[in-house]
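Have a look at the structure below, then the notes.
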């Protein structure tokens, strides 16, 4: 008599509904992160290359294609930030006075800190420099 | 059951993930939108990147971001069907991150 | 709720059928089942077995979300069929399949050997270096110590988390969400001293390190166990221990 039906598997697990699709997008944010670091290093390179090199760089940056690329990167960066902060309390639960701090509070704290850090970075670029 | 070397890469992945989560959105807004809109100008950027401390931070962010990305891409490719070549895949991903880190070091030096 | 389905008072069930002695390949069979607002998918299956086809095979017992035996895929997602109301899936059809990731014995009955083996391997019981004699009383624990692991102790071994996990689907060696969460449950228990015995297995590539934090295990858990959280916490511990092992001394408070 034939035995049990073997395990069924599919590489398209990520297409089994929105929760899985969002997880794949979350993971793909890594591609945007790496791509952005290349763009950032190129900028540093050309700024240090002097005003001429920077002018060329700026011209490329102002092309519609690069606007679009940065918009996509920004979307992925935000997806990373949002998903990452939401998972923080799961990996690092906090206890205060013998009680577990509610997850929502930790997530809210992370977002608060993120807003503060972002403001500081903006001030550094716009005011301090 | 041999002990895993994964903690080493996971630690860098996690630290990188935290750094990316905090810094990337605002950095993309600045260098992707405020710089081309000329709200942030050459003079300001030159001042900033002329500072060795800022360059050191850029290097640190690059190192953690590249290894964060490499680790994530490696595991994602594994999960969508490249499990059979998991080891060469890991080598390729981390070597790419290492190459990016070396380039970052050259850029900030 | 659509008026059509309630007016007709029936709903279509597409049921996975596979009898190894009869079928070469699995197939889906459609049945019209009476629709009742208070019926769950399990009630519909029981009605089918009683009234239409006595050969329909599936596991169930308590009908109240405690025994963990009636887990099946309902419209592609792992559910306890005893708490999946027909009314959630109107107008239908409702597709019922065996849990994903497991071999199928017949119809919705899966082969559980792999999970049961893993469950034993992680030693989900309190391990003591030396048992304390009964006269000395019970092992005491504060509410705060209980809070460390209570959530992870609610597991009913229903295996919905395995069916939701794409890593387990592709890597049979992966110890998987429920077993890892239970290992963590005992590792976090102040009365337990078995941490080191479990570590070799748990901290391996087939243990926590195969997990990529998809997190659907926690999303589908009917008992809010949060296996994904348990696994990430174990990763943090394993990582701390990995780096500390390079230190020439044990920092205070880190020895176990």
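Protein chains in written order, with our numbering: chain A, 124 to 252; chain B, -6 to 102; chain C, 1003 to 1258.
Cβ atoms here follow ideal geometry from the backbone N, Cα and C, with glycine treated the same way.
Residues that DSSP places opposite residue 1074 (chain C) in a beta bridge: Mapped onto the third chain, residue 1074 (chain C) falls at position 72. Per DSSP, C:1081.
Using a cut-off of 8 Å between C-beta atoms, extract the partners of residue 1102 (chain C) located in chain A. Counting from 1 along the third chain, the entry for residue 1102 (chain C) is found at position 100. Neighbours of residue 1102 (chain C) on chain A, chain order: 131.
Cβ pair residue 1058 (chain C), residue 1017 (chain C) closer than 9 Å: Stepping through the third chain from its first residue, residue 1058 (chain C) is reached at position 56. Stepping through the third chain from its first residue, residue 1017 (chain C) is reached at position 15. Yes; because the gap between Cβ atoms is below 9 Å, this pair is in contact.
Which listed residue (C:1049, C:1212 and C:1224) has its alpha carbon closest to that of residue 1237 (chain C): Position 235 of the third chain holds residue 1237 (chain C). Out of C:1049, C:1212 and C:1224, C:1212 has the C-alpha closest to the C-alpha of residue 1237 (chain C).
Proximity winner among A:125, A:146 and A:174, relative to residue 205 (chain A) (alpha-carbon distances): On the first chain, position 82 is the one that residue 205 (chain A) refers to. Closest by alpha carbon: A:146.
Exposed unless 16 or more other CB atoms sit within 10 angstroms - verdict on residue 128 (chain A): As a working mapping, residue 128 (chain A) is identified with position 5 in the first chain. Buried, since its Cβ has 16 or more Cβ neighbours within 10 Å.
Residues near residue 1070 (chain C) in its chain [Cβ-Cβ closer than 7 Å; skip 5 each side]: Walking along the third chain from the start, residue 1070 (chain C) turns up at place 68. For residue 1070 (chain C), where only same-chain residues beyond five positions count, the Cβ hits under 7 Å are 1158, 1159 and 1160.
As assigned by DSSP and simplified to three states, the class of residue 250 (chain A): Here residue 250 (chain A) refers to the residue found at position 127 when the first chain is read from its first residue. In this structure, residue 250 (chain A) counts as helix in the three-state DSSP scheme.
Out of curiosity, what's the CA-to-CA distance linking residue 56 (chain B) and residue 1127 (chain C)? Looking up residue 56 (chain B) in the second chain gives position 63. Looking up residue 1127 (chain C) in the third chain gives position 125. Distance from the CA atom of residue 56 (chain B) to the CA atom of residue 1127 (chain C), rounded to whole angstroms, is 43 Å.
Contact check, residue 88 (chain B) vs residue 71 (chain B) under 8 Å by CB: the rounded distance? One-based indexing of the second chain puts residue 88 (chain B) at position 95. One-based indexing of the second chain puts residue 71 (chain B) at position 78. The Cβ separation is near 16 Å, so there is no contact.
Candidates C:1166, C:1031 and C:1227: which alpha carbon is nearest residue 1097 (chain C)'s? Within the third chain, the letter at position 95 stands for residue 1097 (chain C). Out of C:1166, C:1031 and C:1227, C:1031 has the C-alpha closest to the C-alpha of residue 1097 (chain C).
By the criterion of Cβ-Cβ separation under 8 Å, what are the contact partners of residue 61 (chain B) in chain C? Position 68 of the second chain, counting from 1, holds the residue named residue 61 (chain B). Chain C residues near residue 61 (chain B): none, gap ~14 Å exceeds 8 Å.
Would you check if the distance between the CB atom of residue 230 (chain A) and the CB atom of residue 216 (chain A) is smaller than 9 Å? Locating residue 230 (chain A) in the first chain gives position 107, where the first residue counts as 1. Locating residue 216 (chain A) in the first chain gives position 93, where the first residue counts as 1. For residue 230 (chain A) and residue 216 (chain A), no; Cβs fall outside 9 Å.
Other residues of its chain near residue 1054 (chain C): CB distance less than 7 Å, five sequence neighbours each side excluded: Position 52 of the third chain holds residue 1054 (chain C). Cβ neighbours of residue 1054 (chain C) beyond the five flanking positions: 1033.
How would you list, in chain order, the residues of chain A whose beta-carbon sits under 8 Å from the beta-carbon of residue 1146 (chain C)? Start at 1 with the first residue of the third chain, and residue 1146 (chain C) comes out as number 144. Per Cβ cutoff of 8 Å: 218, 221 and 222.
Can you give the Cα-Cα distance for residue 1155 (chain C) and residue 1187 (chain C), rounded to whole angstroms? Translated into the one-based positions of the third chain, residue 1155 (chain C) becomes position 153. Translated into the one-based positions of the third chain, residue 1187 (chain C) becomes position 185. Pairing residue 1155 (chain C) with residue 1187 (chain C), the inter-Cα distance amounts to about 6 Å.
Any idea what DSSP makes of residue 1152 (chain C), helix, strand or coil? If you number the third chain from 1, residue 1152 (chain C) lands on position 150. Looking at residue 1152 (chain C) - three-state DSSP - the assignment turns out to be helix.
Below 8 Å on the Cβ atoms is my contact criterion, and I expect residue 2 (chain B) with residue 64 (chain B) to pass it. Report the Cβ-Cβ distance as a whole number of Å. The residue labelled residue 2 (chain B) in the question sits at position 9 within the second chain. The residue labelled residue 64 (chain B) in the question sits at position 71 within the second chain. Indeed, because the Cβ distance is near 5 Å, the residues count as touching under 8 Å.
So which residues on chain C does residue 139 (chain A) lean against when the C-beta distance must stay under 7 Å? Within the first chain, numbered from 1, the residue matching residue 139 (chain A) stands at position 16. Near residue 139 (chain A) (Cβ distances below 7 Å), the residues of chain C are 1078.
Report the partner residues of residue 218 (chain A) according to the DSSP bridge assignment. Position 95 of the first chain holds residue 218 (chain A). In DSSP, residue 218 (chain A) forms a bridge with A:223.
Determine the chain B residues that contact residue 184 (chain A) at a beta-carbon separation under 9 Å, and present them in chain order. If you number the first chain from 1, residue 184 (chain A) lands on position 61. Ordered by position in chain B, the residues that pass the 9 Å Cβ test against residue 184 (chain A) are 24, 25, 28 and 29.
In the DSSP output, what is residue 1032 (chain C) paired with across the bridge? In the third chain, the residue the question calls residue 1032 (chain C) occupies position 30. Answer is C:1016.
Count the other C-beta atoms from every protein chain shown that fall within 10 angstroms of the C-beta of residue 150 (chain A), then say buried if there are 16 or more, exposed otherwise. Here residue 150 (chain A) refers to the residue found at position 27 when the first chain is read from its first residue. Label assigned to residue 150 (chain A): buried.
Positions along the region 1154 to 1185 of chain C whose CB lies within less than 8 Å of some CB in chain A: Answer in chain order: 1168, 1171, 1172 and 1174.
Under three-state DSSP, which class holds residue 171 (chain A)? By 1-based counting over the first chain, the position of residue 171 (chain A) is 48. Residue 171 (chain A) falls in the helix class under three-state DSSP.
Enclosing alpha helix (DSSP H) for residue 12 (chain B) [first to last residue]: In the second chain, counting from the first residue as 1, residue 12 (chain B) sits at position 19. Element bounds for residue 12 (chain B): -1 to 21.
Against chain C, does residue 187 (chain A) count as a neighbour if the rule is that its beta carbon must be under 9 Å from one of theirs? In the first chain, the residue the question calls residue 187 (chain A) occupies position 64. No, residue 187 (chain A) lies away from the interface with chain C (no Cβ there is under 9 Å from its Cβ).
Would you call residue 1218 (chain C) buried or exposed, if buried means 16 or more other Cβ atoms sit within 10 Å of its Cβ? Here residue 1218 (chain C) refers to the residue found at position 216 of the third chain. It is buried - the Cβ of residue 1218 (chain C) has at least 16 other Cβ atoms within 10 Å.
Establish whether the CB of residue 1237 (chain C) and some CB of chain A are separated by less than 9 Å. Taking the third chain and counting its residues from 1, one reaches residue 1237 (chain C) at position 235. It does; some Cβ of chain A falls within 9 Å.
For residue 1060 (chain C), would you say it is in contact with chain A, using Cβ-to-Cβ distances shorter than 9 Å as the test? In the third chain, counting from the first residue as 1, residue 1060 (chain C) sits at position 58. Chain A, which has no Cβ nearer than 9 Å to the Cβ of residue 1060 (chain C), makes this no.
Out of A:160, A:138 and A:131, state which residue places its alpha-carbon closest to the alpha-carbon of residue 95 (chain B). By 1-based counting over the second chain, the position of residue 95 (chain B) is 102. Among A:160, A:138 and A:131, the Cα nearest to that of residue 95 (chain B) is on A:160.
According to DSSP, which residues form a beta bridge with residue 1087 (chain C)? For the purposes of this step, residue 1087 (chain C) is taken as the residue at position 85 of the third chain. In DSSP, residue 1087 (chain C) forms a bridge with C:1042.
Just to confirm, are residue 1169 (chain C) and residue 1216 (chain C) a CB contact at a threshold of 9 Å? The residue labelled residue 1169 (chain C) in the question sits at position 167 within the third chain. The residue labelled residue 1216 (chain C) in the question sits at position 214 within the third chain. Going by beta carbons, residue 1169 (chain C) and residue 1216 (chain C) fall inside the 9 Å limit.
N-terminal and C-terminal residue of the alpha helix (DSSP H) that residue 1097 (chain C) is part of: Position 95 of the third chain, counting from 1, holds the residue named residue 1097 (chain C). It is not in any alpha helix (DSSP H) - residue 1097 (chain C) instead sits in the beta strand (DSSP E) that spans 1096 to 1099.
Taking residue 67 (chain B) as part of the alpha helix (DSSP H), name the residues at either end of that continuous run. The residue labelled residue 67 (chain B) in the question sits at position 74 within the second chain. Run containing residue 67 (chain B): 45 to 70, per the alpha helix (DSSP H) assignment.
Of the residues A:157, A:165, A:221 and A:143, the one placed nearest residue 17 (chain B), counting alpha carbons only: Working through the second chain from its first residue, we reach residue 17 (chain B) at position 24. It is A:157 whose Cα lies nearest to the Cα of residue 17 (chain B).
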